[in-house]
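Following: one structure in structure tokens, then a few remarks.
2 protein chains.
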Amino acid sequence: MSAVIRVGIAGYGNLGKGVDAALKQNPDMELVAVFTRRPPNVVKPLDDTVPVLPMDKVQDYQDKIDVMILCGGSAKDLPQQGPELAAMFNTIDSFDTHAKIPEYFSAVDNAARMSGHTGIISVGWDPGLFSLNRLIAEAVLPDGATYTFWGKGVSQGHSDAIRRVAGVKNAIQYTIPVEEAMNRVRAGENPELTTREKHIRECFVVAEEGADKARIENEIKTMPNYFADYDTIVHFISEEELKMNHSSMAHGGFVIRSGKTGANKDTTNIYEFSLKLESNPEFSASVLVAYARAAYRLNKEGKVGALTVFDVPPAYLSPKTGAELRKELL
Amino acid sequence: MSAVIRVGIAGYGNLGKGVDAALKQNPDMELVAVFTRRPPNVVKPLDDTVPVLPMDKVQDYQDKIDVMILCGGSAKDLPQQGPELAAMFNTIDSFDTHAKIPEYFSAVDNAARMSGHTGIISVGWDPGLFSLNRLIAEAVLPDGATYTFWGKGVSQGHSDAIRRVAGVKNAIQYTIPVEEAMNRVRAGENPELTTREKHIRECFVVAEEGADKARIENEIKTMPNYFADYDTIVHFISEEELKMNHSSMAHGGFVIRSGKTGANKDTTNIYEFSLKLESNPEFSASVLVAYARAAYRLNKEGKVGALTVFDVPPAYLSPKTGAELRKELL
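From first to last, the protein sequence lines are chains A and B. Count along the first sequence from 1, add 141, and you get the number used in our numbering. Count along the second sequence from 1, add 141, and you get the number used in our numbering.
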């Protein structure tokens, strides 16, 4: 291996912390600096010799950082930071607002091309490894259907939606895949599944004192887009119970494709990929770090502009040489 | 999409037949000719207008075929055909003699580079998609262990080994993964598993009339490399029963990695990939065809020499454009 890859982290929430930890598992990379929009003194990287700097000092590090890993959110941070940082660094991000990916890709692509950098967008597990499996499964089994199931795990978007209901103090929402639906897919039935048939939504709600729980439950269950199309279960619990039993960051899911092969297309083949994660942010961070290695290498080879996981040769994710990979893993 | 990709098949056994069928599922590709070492008149492609030619006519097709898919065996056919055909065509093959991959890679690489072709070797599901998952899983979870389980499915090598025992007329051997071992892996135990703990070998044997079945059973169960290290079950059945109940080409398997993340490496994440195939050769053929598309495109871009699944950007497997992939599958 050549010189150590110098990495920066932009944003130090759960994902940024996960990147810090993941970098320590990859001896070919090192953390050079953390950039934050919070007061730098409240941010504590694992190694206290790593400088924490305000985001507006980032341009001073252009010669000191090979890849910047963006750990901000898709709603507010990345639409601005993605293109801005891709103008200064090779970047990795986990942009996951599906409808806006084309627009975001284009913005990062322009910035990265102009400055000769490489920006891999929408990295993580979904979008990310799940996307990769949807692509490969469809390419090798063109006559078939792909199903993505998520969970069991917390959906931040749905938890936030519950918190906006009047009388709700706090809430956590779990997305749970319906086992029966998964088994029908695995049996090669290629079922038409409604939203309701694929996932259950289970909510743990802390109500404000004196709030009308029946009304809250009804408002949640009938909320359009978020809950109305699902079987939704609502439990009212205390704040203490929420903290104690519902702070896990576990998540996971399944990509399953069932496809037909053969001259008469009467042979069934099932392709399945799944993740069971005790920590969603730590695993996502680990994926970002592997793609940071790829971004560094692709940029060295002159591959500039925005890319996604679809564009990265898998060998670039590993610190091993081609010969090692062929010998040990092929 | 540009012009249709013109494909040749070299070798028309079960795998070649599968490629023929798979090409019909991919409208951006067409079968131009089949090459065989058997008398051409005994080989019948799905479309009877497709010419079947003796292997030594292959050089006449250099301008008519964009990618040659090699469907011969790894023991005898590919070591010779791989480099020979890579000197004339872009190639795809399913070379699976693990110990000889470095040597084979090098031979195909030399031939392909000299002639400006692209040869993707060891394509299929293992080696192939399983290798890809071993690589990605290890890259994203560096602290962990990867386990590959095969089956339930027929092992040709083990079936052949039984057929070489004196007094055996015919035989089929199934490799069966041990569910308990898989569940320990899925539970994140990272167990040290012996060969015996991972797979069971179940044999269906047709004995010659008057043969000593006890001796045959003992010879099978104590056969070094093939059976001695396993729990082996031997059933004696009739030739009719073998034909009727044991002609399935089903196979499959699992790649599971359990890896730790977090600052204290105390968070467990499970990565699992599995295939459940009603037809091993048809599915393998489908993978070959997707990689044929990639070989064609990579060659157009000037990427010459031998490659493996590790080197191919996944987007190259799909007929969809980058924008379509980002919109539909990311």
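We put the CB at the ideal spot given by N, CA and C, even for glycine.
Between CYS344/A and the set GLY294/A, THR336/A, GLY214/A, the nearest pair of CA atoms involves GLY294/A. With contacts defined as CB atoms closer than 8 Å, VAL264/A and TYR432/A qualify as a contacting pair. In terms of Cβ geometry, PHE451/B and LEU448/A do not form a close pair [threshold 8 Å]. Collapsing the DSSP output to three states places SER256/A in a helix.
C-alpha of ALA286/B to C-alpha of PRO332/B: approximately 9 Å in a straight line. The region 222 to 235 of chain A and the region 251 to 266 of chain A touch, with no fewer than 3 CB-CB distances between them shorter than 8 Å.
Assignment of beta-bridge partners to VAL346/B by DSSP yields ALA312/B, PHE377/B. Straight across, the Cα-Cα distance linking ILE233/A with ARG438/A is about 13 Å. Here LYS310/B really is in contact with GLU380/B; their C-beta atoms are around 7 Å apart, less than 8 Å. ARG275/A reaches chain B at LEU470, counting residues in chain order whose Cβ is nearer than 8 Å. Annotation for PHE424/B: the continuous alpha helix (DSSP H) segment containing it runs 421 to 441. Contact of GLN221/A with chain B is not assigned, every C-beta pair being separated by 8 Å or more. Linking TYR202/B to ASN421/B through their CA atoms gives a straight-line distance of about 29 Å. Chain-ordered, the chain B residues with CB closer than 7 Å to the CB of PHE424/A read THR402, ASN410. LYS468/B: not part of any beta strand (DSSP E); member of the alpha helix (DSSP H) spanning 463 to 469, first to last residue.
Shown here, ALA447/A sits in a strand according to DSSP, grouped into three states. Per the coordinates, the alpha-carbon of TYR288/B lies some 17 Å from the alpha-carbon of LEU418/A.
Taking 8 Å as the CB threshold, VAL445/B stays off the interface with chain A. For ASP169/B, the CB contacts under 8 Å within the same chain, skipping 5 residues up- and downstream, are MET142, VAL145, ILE146, ARG434, PRO460 in chain order. With at least 16 other beta carbons inside 10 angstroms of its own, THR316/B counts as buried. With fewer than 16 other Cβ atoms from the protein chains shown falling within 10 Å of its own Cβ, SER247/B counts as exposed. Taking a cut-off of 8 Å on C-beta distances, the region 396 to 407 of chain A does not touch the region 193 to 213 of chain A, as fewer than three cross pairs fall below it. By the C-beta density criterion, LYS384/B is exposed, having fewer than 16 other C-beta atoms within 10 angstroms.
The Cβ of GLN166/A sits closer than 8 Å to at least one Cβ of chain B. Chain order gives no chain A residues near ALA216/B, where near means a beta carbon separation below 9 Å; the closest approach is about 18 Å.
Distance from the CA atom of SER300/A to the CA atom of GLY154/A, rounded to whole angstroms, is 18 Å.
The beta-carbon separation of VAL191/A and LEU172/A, rounded to 5 Å, stays under the 8 Å limit for a contact. Taking 8 Å as the Cβ-Cβ cut-off, the region 276 to 290 of chain B approaches chain A at LEU276, ILE277, GLU279, ALA280, VAL281, LEU282, PRO283, ASP284, given in chain order. Cβ contact annotation for MET196/B (same chain, cutoff 6 Å, sequence separation greater than five): PHE176, ARG178, in chain order. The criterion of a C-beta distance shorter than 8 Å is not satisfied by ALA302/A and MET390/A. At a cut-off of 8 Å between beta-carbon atoms, ASP234/A makes no contact with chain B. Straight through space, the alpha carbons of VAL430/B and SER235/B are spaced by roughly 11 Å.
Spatial neighbours of SER296/B in its own chain (CB-CB distance under 7 Å, excluding positions within 5 residues in sequence) are listed in chain order as GLN314, THR316. Straight across, the Cα-Cα distance linking ASP250/A with ALA280/A is about 26 Å.
Listed as beta-bridge partners of LYS401/B by DSSP are THR409/B. An exposed status is given to ALA307/A, since fewer than 16 other beta-carbon atoms sit within 10 Å of its beta-carbon.
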